[in-house]
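Enquirer: Here the sequence shown is numbered in the numbering used here, starting from 241 and rising by one per residue. Don't be surprised by glycine CBs; every beta carbon is placed ideally from N, CA and C. Following this message is one structure expressed as structure tokens.
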Amino acid sequence: MSSSPILIIPGEKKSIFFEIFFKSLKSNFFLSPLILICDKKNLNKEIKRYKFGKNIEQIKLDEIYSKKFVKKKIYLIDTKHKNSNTYVHNCFKIAFKLIKKGLAHRMINGPINKTKTLNKKYLGMTEYVAKNFNRNKFAMLIYNKKLSVCPVTTHLPLKLVSKKITKEKIKEKIVIINDFYKKFLKFKPRIAVIGLNPHCESILKFNEDNKIIASSIKFLSKKRINVKGPFPADTIFLQNNRKKFDVILGMYHDQVLTPAKTLFEYDAINITMGLPFLRVSPDHGPNEQMFRKNKSNPLSLIKALNFLDQK
């Protein structure tokens, strides 16, 4: 277990993050030091609102590299900015710098409003983080110990998905999954791949499931990667089918995230694979309509903290 700090970016100011963060720390025990990167004024408002009793020590950036971090303790890097969009980017900028300097190798970010904060420049946070570390090969994993899912394409309009399904991309994602599980989870995963078309069939002459997906699986099977498919999307998540696998790779976002969230609800976390550090986030959005109502479920953030606390 590492004694280096876990960096935490709460994200949007108007979100449920602090509610679930305080609930997580009240109900669980974490050994790692935690560094919040956020606006101190906003943090203090939320501390008062939720009556959070633990002490948080403020540290300055120019002192952080010589700091000796104490286990179980929470620290704060105060990050002020008038514009909410610029504020979130500035928090990430600080975290990325600390990671690149070797201060930390683990990071959690709270829910982000992709439309507002990313401003359509990136498909999602997965791409945003990967770009800042010059990573072209990466993948999104919605992780649950029983079963995880990974989409080949992420926040892409459906009419564009088929154009992005290539042998190279499918092979890339499967190799990333296999390597991640072996490195961080210490076992070789059983991977299932879903077809693109209903029942893996097509009325067109060109069938992606045969020409692209099946061919990719056959190639990687020869490389001793435990991968099978393609399987029809409407049956692979049945209990007797899904229990044979650790990860299910789908061709597009909702093809695998919808059944995963139906099965596990908040008992899952979002991991970006292929980075030079571990980046995890709760598997839900800012949920602005629930802001400050004190009714949100902290389970996904608890799972994220537990996961990183053991790495």
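1) Give the straight-line distance between the Cα atoms of N546 and F270, rounded to the nearest whole angstrom.
2) Around the Cβ of D523, are there at least 16 other Cβ atoms within 10 angstroms (buried) or fewer (exposed)?
3) Which residues does DSSP list as the beta-bridge partners of T512?
4) Starting from F471, follow its DSSP beta bridges and name the residues at the other end.
5) Buried or exposed: where does E297 fall if 16 or more other Cβ atoms within 10 Å of its Cβ makes it buried?
6) For a minimum of 3 consecutive residues, which ranges assigned as the beta strand (DSSP E) are wholly contained in the region 338 to 400?
7) Could you give the uninterrupted runs of the alpha helix (DSSP H) lying entirely in the region 286 to 344, keeping only those of 4 residues or more?
8) Tell me which same chain residues have a C-beta within less than 8 Å of the C-beta of Y421, skipping the five on either side of it?
9) With H, G and I counted as helix, E and B as strand and the rest as coil, what does DSSP make of E259?
10) In terms of residues, what are the limits of the beta strand (DSSP E) holding L274?
11) Please name the residue, chosen from T319, K386 and G342, that lies closest to P516 on a Cα-to-Cα basis.
12) Going along the chain, which residues of its own chain have a beta-carbon closer than 7 Å to the beta-carbon of I476, five neighbours each way excluded?
13) Where DSSP assigns a beta bridge to I414, which residues make up the other side?
14) Quick one: any contact between the region 317 to 331 and the region 492 to 506, if contact means 3 or more CB pairs under 8 Å?
15) Since S461 contacts I509 with CB under 8 Å, what's their CB separation in whole angstroms?
16) Taking DSSP as the reference, what is the three-state secondary structure of L548?
17) Give me the residue from I249, L338 and I457 with the minimum Cα distance to K413.
18) For L489, report the span of its beta strand (DSSP E) as first-last.
19) If you run the structure through DSSP and keep just helix, strand and coil, what is N534?
20) Determine which residues share a DSSP beta bridge with I248 and list them.
21) Figure out for me which residue from I334, K285 and A344 has the closest Cα to the Cα of L274.
22) With contact counted as at least three CB pairs below 8 Å, one residue from each stretch, are the region 284 to 292 and the region 324 to 339 in contact?
23) Contact defined as beta carbons within less than 8 Å: I believe M491 pairs with V392. What is the distance between those atoms, to the nearest angstrom?
Expert: Working from what's here:
1) Between the alpha carbons of N546 and F270 lies a distance of about 7 Å.
2) It counts as buried.
3) For T512, which the question treats as bridged, DSSP gives the partners M380 and R519.
4) F471 has I434 as its beta-bridge partners, per DSSP.
5) When all chains shown are included, E297 counts as exposed.
6) Counting only runs of 3 or more, we get 346 to 349, 379 to 383 and 388 to 391.
7) Within the region 286 to 344, the complete alpha helix (DSSP H) runs of at least 4 residues fall at 324 to 340.
8) Excluding the 5 residues flanking it on each side, Y421 has same chain C-beta neighbours closer than 8 Å at F427, K428, P429, D486 and V487, in chain order.
9) Correct three-state label for E259: helix.
10) The continuous beta strand (DSSP E) containing L274 extends over residues L274 to C278.
11) The option with the nearest alpha carbon to P516 is G342.
12) Only residues of its own chain outside the window of five on either side were considered, and among them A432, I434, R482 and I488 have a CB closer than 7 Å to the CB of I476, listed in chain order.
13) Beta bridge pairing from DSSP links I414 with no other residue.
14) The answer is no - the region 492 to 506 does not touch the region 317 to 331, with fewer than three Cβ pairs under 8 Å.
15) The beta-carbon distance between S461 and I509, rounded to whole angstroms, is 29 Å. This is too long to meet the 8 Å contact definition.
16) Three-state DSSP puts L548 in a helix.
17) The option with the nearest alpha carbon to K413 is I457.
18) Its beta strand (DSSP E) spans residues V487 to G490.
19) In the structure shown, N534 falls within a coil segment according to DSSP collapsed to helix, strand and coil.
20) Per DSSP, L276 and I348.
21) Measuring from the Cα of L274, the nearest candidate turns out to be A344.
22) Between the region 284 to 292 and the region 324 to 339 there are fewer than three C-beta pairs closer than 8 Å, too few to call the two in contact.
23) At roughly 5 Å, the Cβ-Cβ gap stays under 8 Å, so M491 and V392 are in contact.
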